[in-house]
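Take 875 as the starting number for the sequence shown in the numbering used here and just add one per residue. The C-beta atom is built at its ideal place from N, Cα and C for all residues, glycine as well. For clarity, every value in this text was computed on a predicted model and none was experimentally measured. Written out below as structure tokens is the structure these notes cover.
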Amino acid sequence: MKRVLITGAAGLIGGEVLKLLSTDDRKFRLFGLDNQWDSGGQTQLESVPKIQCDITSADVEKVLSEVSPDVIIHAAAHPGGKSALAPSENVAVNALGSMRLFEWCAKNRLQIVFLSSSIVYGENTRDKLTESDFLHPGTIYGVAKAACESWLEILRGAYDLDWIVLRLFSTYGAGHRPSLDQGIVNVMLTQLLRGNVVISKGSLARKRDLVHVSDAARAIALTLDKWPSRRIINICTGRSTTIRDLIELLVQLEGRAVNEIDIREVEGTVGDPLSNVGNPELAAKLLGFKARVDLREGLRLTLNPNHSD
């Protein structure tokens, strides 16, 4: 039985992975690590040990020694939307905290799945981004994620570290706490639930590849099964959605009229690309992964997690 530790296990993606992997208790012995268990997360999974710890803390090494995992799924991160507001904290968590995990894995010969982000591509002219495309991150969050990818490759050479990097495109779902700076779907939905004004920071013509969290979790589970060692893989749908279309679809699914909503466009965030859509071919080849949840159904599940028809 493989011992799997998930960091960020109380968050949107980590929590969904924890829930999915817990359905096969003959295959995995799971451990969840987060610094915010008491403010949400998959606390209904009573059989899974929930470890309260911050990855920036020196205590994390003691935790890792006690858990003795075979593989770490590293989902913990400081939100990208907050990276310009709290750059030092963003770097402390996403760069230095991640390196603490990488170093421990390297020296103890563990496998690690690192959840990177499509934001590492930055501004580009490609319709669909491939894993070999040039990286030009324009945000502190994106630079930290790109640095982590480079560090993993260096540690491969120095320690023979066995890793897989998954570049997740814009992931959404019901596990997000309401926020005006974390997750594009969450940001728009939070505003709609508060009233009739929706403000888009940046062009309404921006294009995003929106991945439902259940698909993202399934891709991560497939990674554990297939283990295409030391590969970087896009986790995406390959489908493009503009921010305006996203807002209007959310409005419709809420049973409201689009013409009753005041949709405003203001100056965007530094480094936020106009287009960020992925090519899913490598994930299909290496993992057998293809996104199953279309945007309309994914948003319905986000609005009503108990929806099942």
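Relative to the alpha-carbon of residue i, which residue among the options has its alpha-carbon at the smallest distance?
{"i": "Gly1047", "options": "Lys936, Ala951, Val1144, Gln1056", "result": "Gln1056"}
{"i": "Arg1051", "options": "Val994, Ala960, Ile993, Pro953", "result": "Pro953"}
{"i": "Glu935", "options": "Asn1150, Trp978, Pro1154", "result": "Trp978"}
{"i": "Ser942", "options": "Leu1009, Leu1148, Phe905, Val922", "result": "Phe905"}
{"i": "Asp928", "options": "Ser962, Gly971, Ala960", "result": "Gly971"}
{"i": "Leu1148", "options": "Leu1009, Ala1165, Ile1117, Ile887", "result": "Ile1117"}
{"i": "Arg1082", "options": "Gly1069, Gly1152, Ile1109", "result": "Gly1152"}
{"i": "Asp1136", "options": "His948, Lys1164, Glu1122", "result": "Glu1122"}
{"i": "Ile1094", "options": "Leu1067, Cys1110, Ala1079", "result": "Cys1110"}
{"i": "Lys876", "options": "Thr897, Asp908, Val945", "result": "Val945"}
{"i": "Ile1040", "options": "Glu1005, Gly1031, Ala883, Glu1139", "result": "Note on identity: in this sequence residue 1040 is Leu, with Ile being the wrong assignment. Ranking Glu1005, Gly1031, Ala883, Glu1139 by Cα distance to Leu1040 puts Glu1005 first."}
{"i": "Met973", "options": "Leu959, Thr1045, Ala1018, Lys956", "result": "Ala1018"}
{"i": "Pro923", "options": "Ser931, Gln985, Glu940", "result": "Glu940"}
{"i": "Thr1045", "options": "Glu1139, Val1167, Val1085", "result": "Val1085"}
{"i": "Asp933", "options": "Glu920, Ile947, Asp908, Lys956", "result": "Asp908"}
{"i": "Gly1012", "options": "Leu1120, Asn982, Ala958", "result": "Ala958"}
{"i": "Pro851", "options": "Ala1165, Asn1133, Gly1145, Ala949", "result": "Only positions 875 to 1183 of the chain appear in the structure, and residue 851 is not among them; the question remains open."}
{"i": "Lys1002", "options": "Lys1100, Thr1115, Ala949, Thr1143", "result": "Thr1115"}
{"i": "Gly1172", "options": "Trp1025, Leu1120, Leu919", "result": "Leu1120"}
{"i": "Lys1159", "options": "Arg983, Asp1007, Thr1097", "result": "Thr1097"}
{"i": "Lys981", "options": "His948, Leu1026, Glu890, Ser1053", "result": "Leu1026"}
{"i": "Asn1150", "options": "Ile1028, Gln1126, Leu1177, Gly1112", "result": "Gly1112"}
{"i": "Leu1175", "options": "Arg1138, Leu1124, Arg983, Lys1100", "result": "Leu1124"}
From what residue to what residue does the alpha helix (DSSP H) around residue i run?
{"i": "Thr1176", "result": "1169-1177"}
{"i": "Glu935", "result": "933-941"}
{"i": "Val891", "result": "886-895"}
{"i": "Lys1100", "result": "1087-1100"}
What does DSSP give as the partner residue(s) for residue i in the beta ladder?
{"i": "Gln985", "result": "Val945, Asp1036"}
{"i": "Val1125", "result": "In DSSP, Val1125 forms no bridge with anything."}
{"i": "Asn1108", "result": "Arg1041"}
{"i": "Ser1074", "result": "Glu1139"}
{"i": "Lys1081", "result": "Thr1116, Ser1149"}
State the DSSP-derived secondary structure class of residue i, mapped to helix, strand or coil.
{"i": "Thr1064", "result": "helix"}
{"i": "Gly915", "result": "In this prediction, Gly915 has a pLDDT of 47, which is less than 50 and means its spatial position is unreliable; what the coordinates show is noted afterwards. Correct three-state label for Gly915: coil."}
{"i": "Ile1135", "result": "coil"}
{"i": "Gly1069", "result": "coil"}
{"i": "Phe902", "result": "strand"}
{"i": "Lys1164", "result": "coil"}
{"i": "Ser992", "result": "helix"}
{"i": "Gly1152", "result": "strand"}
{"i": "Arg1118", "result": "helix"}
Between which two residues does the beta strand (DSSP E) harbouring residue i extend?
{"i": "Asn964", "result": "That residue, Asn964, is in no beta strand (DSSP E); its alpha helix (DSSP H) goes 961-965."}
{"i": "Leu879", "result": "876-881"}
{"i": "Asn909", "result": "Counting along the chain, Asn909 falls outside any beta strand (DSSP E), and DSSP gives it neither H nor E."}
{"i": "Gln830", "result": "Limits of the chain in this structure are 875 at one end and 1183 at the other, which puts residue 830 out of reach."}
Tell me whether residue i counts as near the ligand SAM, meaning its Cβ is closer than 7 Å to at least one heavy atom of that ligand.
{"i": "Gly1112", "result": "Looking at this structure, you won't find the ligand SAM or any other ligand, since it has none at all."}
In chain order, what are the residue ranges of uninterrupted alpha helix (DSSP H) at least 4 long that sit wholly in the region 994-1043? 1014-1033
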